[in-house]
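Residue numbers (my numbering), protein chains in the order written: chain B, 1 to 193; chain G, 1 to 193.
Only one structure is covered here, and it is reproduced in the block below.
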DNA sequence: GTAGAGTGAGAACCATAGTTCTCACTCGGG
DNA sequence: CCCGAGTGAGAACTATGGTTCTCACTCTAC
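In structure tokens, the structure reads:
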């Protein structure tokens with residue numbers, strides 16, 4: 001979940017997206033003014049608006065960027081835990097546990113953004129749904145590889161457990177829901193195999 | 001989930017809370033101006049501010065009111081499905097299915113509000129956490145009654161499945177996640193008993 | 001050297017919305 | 001009838017923040 005460099009992106013764009021990520025995640029979209037993005041990134045409002053013609057488009061670019069970075073972090077964390085001997089279908093919950101324990105954790109940026117912008121912007125909604133679909137797609141891959149005989153609904157169920165765990169860990173500010181979800185997933189795997 | 005009358009509440013308060021519920025749920029807290037609450041409820045700004053000294057306090061009163069109404073609806077729906085022969089621990093998912101299919105469904109008002117107001121208002125955060133805790137408490141009761149020998153983590157796991165199902169049904173705008181959660185819950189119950 | 005394009009700093013513009021205030025009206029009690 | 005408390009309608013005040021504009025500066029091309 002750390003800033004990533006992309007070949008085809010100049011330093012101003014990179015600075016803007018990094019700052020947007022930090023601020024939007026911490027305080028929500030409506031809680032961050034464009035002038036704060038300017039102050040924190042050092043990119044003038046003029047250039048900012050030249051790159052992103054409106055705040056909505058900046059938000060869309062941020063969500064897109066965060067989607068890529070988050071998925072990379074998530075899949076990497078799963079692989080790392082798998083390599084350490086954890087069942088690959090339980091590793092996602094260990095990854096969530098790490099995340100929830102990290103400083104500044106405020107839950108899923110995509111779910112948070114949905115509540116803020118749902119009425120206004122269909123583009124944002126689409127990006128958010130795509131993100132969650134990607135997550136489930138990845139789970140589907142893992143299931144197909146490690147537990148090919150399991151029920152067809154297993155990836156969807158794991159996805160529900162993951163999002164439920166993220167949400168509740170945010171509401172309750174504890175990782176207990178993540179551990180409960182992990183136990184439930186573990187039981188599901190036993191009963192399915 | 002329909003407006004409810006309370007003995008100790010005059011008509012103005014009731015009108016305000018009903019209107020607040022409709023508007024805040026549909027468009028989010030930030031998306032509704034106090035003047036719209038006035039227009040839709042017919043209560044002047046003066047009386048509105050006499051009853052609730054600030055928007056934040058109105059929001060708190062709304063969350064509180066909605067909590068009571070939602071829990072009543074939820075427990076009633078569970079009882080209804082149970083009476084119709086559904087396992088009481090699966091009935092919550094049938095209730096969610098009904099809810100998600102109802103017109104104007106926009107997910108959980110409490111989870112939506114959390115993203116909007118988390119930074120600002122600890123009172124709101126506390127109400128939201130209490131609401132979710134109430135939900136899990138009710139699940140705990142149901143489990144204690146119907147499956148007393150089950151694992152201690154079962155109510156928490158059901159709670160995670162429920163919130164995950166609500167969130168994903170909102171993101172994807174389909175009841176598929178609710179059905180997936182129900183299947184997972186069903187499997188958990190089998191394996192635990 | 002000079003014109004012109006691009007840029008930064010920040011003021012300006014404008015819309016929105018939370019909150020308060022003004023003023024006229026009503027209505028019950030003396 | 002008259003007073004004062006309460007109220008509605010809505011203007012007014014104020015702050016915020018998205019977006020645009022001004023002006024001075026720089027740097028390149030000729």
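Note that beta-carbon positions come from the ideal geometry of N, C-alpha and C, so glycine has one too.
Residue i to residue j, Cα distance in whole Å?
i, j, result
"residue 86(B)", "residue 96(B)", "14 angstroms"
"residue 109(B)", "residue 25(B)", "6 angstroms"
"residue 158(G)", "residue 84(B)", "29 angstroms"
"residue 144(B)", "residue 138(B)", "10 angstroms"
"residue 31(G)", "residue 56(G)", "14 angstroms"
"residue 146(B)", "residue 140(B)", "10 angstroms"
"residue 81(G)", "residue 42(B)", "59 angstroms"
"residue 102(G)", "residue 177(B)", "28 angstroms"
"residue 184(B)", "residue 151(G)", "10 angstroms"
"residue 168(B)", "residue 129(B)", "19 angstroms"
"residue 166(G)", "residue 113(G)", "14 angstroms"
"residue 98(B)", "residue 182(B)", "13 angstroms"
"residue 79(B)", "residue 51(G)", "56 angstroms"
"residue 154(B)", "residue 104(G)", "29 angstroms"
"residue 5(B)", "residue 33(B)", "Confidence at residue 5(B) is low in this model, with a pLDDT of 43, below 50, so the placement of that residue is unreliable and no value is reported for it."
"residue 90(G)", "residue 180(G)", "12 angstroms"
"residue 156(G)", "residue 45(B)", "47 angstroms"
"residue 15(G)", "residue 49(G)", "14 angstroms"
"residue 202(G)", "residue 39(B)", "Look at the range of chain G in this structure, 1 to 193, and you will see that residue 202(G) is not part of it."
"residue 72(G)", "residue 92(G)", "13 angstroms"
"residue 160(B)", "residue 188(B)", "13 angstroms"
"residue 77(B)", "residue 27(G)", "36 angstroms"
"residue 164(G)", "residue 75(G)", "19 angstroms"
"residue 10(B)", "residue 23(B)", "20 angstroms"
"residue 19(B)", "residue 35(G)", "35 angstroms"
"residue 66(G)", "residue 66(B)", "34 angstroms"
For residue i and residue j, which I take to be in contact (beta-carbon distance under 8 angstroms), what is that distance rounded to the nearest angstrom?
i, j, result
"residue 174(B)", "residue 106(B)", "That belief does not hold up - the Cβ atoms of residue 174(B) and residue 106(B) are roughly 14 angstroms apart, past 8 angstroms."
"residue 61(B)", "residue 111(B)", "At roughly 19 angstroms, the Cβ-Cβ gap does not stay under 8 angstroms, so residue 61(B) and residue 111(B) are not in contact."
"residue 37(B)", "residue 116(B)", "That pair is no contact at about 16 angstroms."
"residue 12(B)", "residue 47(B)", "6 angstroms"
"residue 88(B)", "residue 142(B)", "5 angstroms"
"residue 198(B)", "residue 191(G)", "Any property of residue 198(B) remains undetermined from this structure, which presents chain B solely from 1 to 193."
Using CA coordinates, which residue listed in the options is at the minimum distance from residue i?
i, options, result
"residue 162(B)", "117(B), 114(B), 34(B) and 132(B)", "132(B)"
"residue 127(G)", "51(G), 64(G), 28(G) and 53(G)", "64(G)"
"residue 68(G)", "160(G), 92(G), 28(G) and 21(G)", "21(G)"
"residue 94(G)", "23(G), 186(G) and 191(G)", "186(G)"
"residue 123(B)", "188(B), 14(B), 11(B) and 59(B)", "59(B)"
"residue 54(G)", "121(G), 188(G) and 164(G)", "121(G)"
"residue 125(B)", "160(G), 172(G) and 164(G)", "172(G)"
Margin query: For the segment 158-174 of chain B, list every residue whose C-beta sits within 9 angstroms of some C-beta in chain G, in sequence order.
Written below: Flagged, chain order: 158, 159, 160, 161, 162, 163, 164, 165, 166, 167, 168, 170, 171, 172 and 173.
Notebook entry, point to check: What residues in the segment 84-97 of chain B bring their beta carbon closer than 8 angstroms to a beta carbon of chain G?
Noted result: Within the segment 84-97 of chain B, no residue has a Cβ lying closer than 8 angstroms to any Cβ of chain G.
Next item on the list: Taking a Cβ distance cut-off of 7 angstroms, strictly less, list which residues of the segment 21-40 of chain B are near chain G, in chain order.
Entry: For the segment 21-40 of chain B, which is checked against every Cβ of chain G, the residues closer than 7 angstroms are 27, 28, 30 and 31.
Check: Any residues in the segment 127-152 of chain G with a beta carbon nearer than 7 angstroms to a beta carbon of chain B? Which ones, in chain order?
Finding: Residues are counted here when their Cβ sits less than 7 angstroms from a Cβ of chain B; for the segment 127-152 of chain G these are 128, 129 and 132, given in chain order.
Check: Which residues, taken in chain order from the segment 49-72 of chain G, show a beta carbon closer than 8 angstroms to some beta carbon of chain B?
Finding: The segment 49-72 of chain G vs chain B, Cβ under 8 angstroms: nothing.
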